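Comments concern the structure below.
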Amino acid sequence: MTLDTFNLLSYERQVSLVFASATFLATRWQNQEAVNLYYLAGQQKGVFVELFYDTQAKAIVRLRAFTSGRLLAEYAAFIQLSDMS
Numbered sequence: 010m011t012l013d014t015f016n017l018l019s020y021e022r023q024v025s026l027v028f029a030s031a032t033f034l035a036t037r038w039q040n041q042e043a044v045n046l047y048y049l050a051g052q053q054k055g056v057f058v059e060l061f062y063d064t065q066a067k068a069i070v071r072l073r074a075f076t077s078g079r080l081l082a083e084y085a086a087f088i089q090l091s092d093m094s
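No gaps in the numbering here: position 32 of the sequence shown is 41 in this note's numbering, and each next residue is one more.
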């Protein structure tokens, strides 16, 4: 999966694809939203996808797809290496 290919999909198909095929990596919190990070593997380079879940509305309200490692820094405080054993 490439970022361009993912972005061509409808919003509904993007969300379905994340739940069906992506690997969950981490959660961070932003105001009242839980932001769940997933990874969709690709032949050369995969795609990271964030699903923004509004805890009051109990619904996914948007998503953001990217390939840049720069955005992963937002998750550093939420990753516990002890969880990986």
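Quick reminder that beta carbons are idealized off the backbone N, C-alpha and C, glycines included. Quick caveat, the model's predicted, so the values are computed rather than measured.
Where residue i falls, given that 16 or more other Cβ within 10 Å makes a residue buried
i	result
Ala106	The chain is shown from 10 up to 94; residue 106 falls before or after that span and cannot be answered.
Leu80	exposed
Phe57	buried
Phe28	exposed
Phe33	exposed
Helix, strand or coil at residue i according to DSSP, with G and I counted as helix
i	result
Ala82	helix
Gln39	strand
Asn16	helix
Ala74	strand
Ala68	strand
Cβ-Cβ distance between residue i and residue j below 8 angstroms
i	j	result
Ala31	Tyr20	no
Asn40	Leu60	no
Leu12	Leu18	no
For residue i, the nearest candidate out of the options (CA to CA)
i	options	result
Ala68	Gly55, Phe57, Ala35 and Val24	Val24
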